[in-house]
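Here the structure is laid out as structure tokens; the discussion comes afterwards.
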Amino acid sequence: MSDQNFTGSTEPSLYTPTSDEKTMAILSHCLPIFFSFLAPLIIYLIKKDDSHYVAQHAKESLNFQLTLVIAYIVCIPLILILVGILLMWVIAIASLILCIIATINAADNKIYRYPFTLRLIK
Numbered sequence: 028m029s030d031q032n033f034t035g036s037t038e039p040s041l042y043t044p045t046s047d048e049k050t051m052a053i054l055s056h057c058l059p060i061f062f063s064f065l066a067p068l069i070i071y072l073i074k075k076d077d078s079h080y081v082a083q084h085a086k087e088s089l090n091f092q093l094t095l096v097i098a099y100i101v102c103i104p105l106i107l108i109l110v111g112i113l114l115m116w117v118i119a120i121a122s123l124i125l126c127i128i129a130t131i132n133a134a135d136n137k138i139y140r141y142p143f144t145l146r147l148i149k
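In case it helps, our numbering puts the sequence shown at residues 28 to 149.
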């Protein structure tokens, strides 16, 4: 298994995006803080045919958000033994930090790969 599943990694982009593409890439990482998987899903569906750069960012963000949804669903039954509450807080704080890191990387024209993410959308 490769390291990129366990540590966030960045890939320098050989493509210089337009300002609109850069903005959409940034939004695909920071909007999920408020709108979960809906924001990157909408961005991906709108821009997947227009911009490979934006689609790549939105797809990565969407995969991370779907992984978070699965993690929260797993936490629900664990609330009965009180571990779920702590785990939900840890997941929430980690996701906030990782979204901020990904947003910063998108602003620097880098592709960020979220750690511990299931690659559901290829």
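Note that CB positions come from ideal geometry on N, CA and C, so glycine has one too.
**OP:** Apply the 10 Å Cβ neighbour rule to Lys149 and answer buried if 16 or more other Cβ atoms are within range, or exposed otherwise.
**Re:** exposed
**OP:** Just mark Ile103 as buried or exposed, buried being the case when its beta carbon has 16 or more other beta carbons within 10 Å.
**Re:** exposed
Subject >> Alpha-carbon spacing of Ile73 relative to Leu107, whole angstroms >> reply: 40 Å
Subject >> Collapsed DSSP secondary structure at Ile148 in the structure displayed >> reply: coil
Original post:
In three-state terms, what does DSSP make of Gln31?
Top reply: With a pLDDT of 46 at Gln31, under the threshold of 50, the modelled position of that residue is not reliable, and no figure is offered here.
Subject >> Exposure label - Ile124; buried when at least 16 CB within 10 Å >> reply: exposed
Subject >> Three-state secondary structure (DSSP) of Ile44 >> reply: Sequence check: residue 44 is Pro here, not Ile. In this structure, Pro44 counts as coil in the three-state DSSP scheme.
Original post:
How should His79 be labelled, buried or exposed, when 16 other C-beta atoms within 10 angstroms of its C-beta is the threshold for buried?
Top reply: exposed
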